[in-house]
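S.K.: My structure is below; once you've seen it, I'll send some questions.
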Amino acid sequence: MPIGRGRPPRITPAKAALLAAVRQFHSLSYRALAASDYTKWLGLKGVHYASIHKAIKRLPEDLFEEAIKILRK
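In terms of the working numbering, the sequence shown opens at residue -9 and continues consecutively.
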């Protein structure tokens, strides 16, 4: 079986940054965030909360900070 890169992630870094900022702003748990309208709005309906957690943990700090700045405006 050839070694490949796998499928592309459903949660892009930009979407993960927005979800992380929303999570911090509203003090949501990962489970609540996965069931929220934010994930549906981003086209991530049905995504598992652990996938959101992993995507947020992989984010570069500067991308997260930019998302926070945008939400505060």
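Note that the Cβ used here is the ideal one computed from N, Cα and C, for glycine as well.
Look at the alpha carbon of Tyr28 and the alpha carbon of Gly(-4), and state the distance between them as a whole number of angstroms.
M.R.: As a first step, residue 28 is located in the sequence shown; it is residue number 38 there, counting from the start. As a first step, residue -4 is located in the sequence shown; it is residue number 6 there, counting from the start. Near 26 Å, if we compare the C-alpha coordinates of Gly(-4) and Tyr28.
S.K.: Considering just the uninterrupted stretch of the alpha helix (DSSP H) at Thr2, what are its terminal residues?
M.R.: Along the sequence shown, one-based indexing puts residue 2 at 12. Here Thr2 belongs to no alpha helix (DSSP H), and DSSP marks it neither H nor E.
S.K.: Can you tell me whether Leu23 is helix, strand or coil according to DSSP?
M.R.: Position 33 of the sequence shown, counted from the start, is the residue given in the question as residue 23. Helix, per DSSP.
S.K.: Give the straight-line distance between the Cα atoms of Ser19 and Asp52, rounded to the nearest whole angstrom.
M.R.: Taking the sequence shown and counting its residues from 1, the one referred to as residue 19 is at position 29. Taking the sequence shown and counting its residues from 1, the one referred to as residue 52 is at position 62. So the two alpha carbons sit approximately 22 Å from each other.
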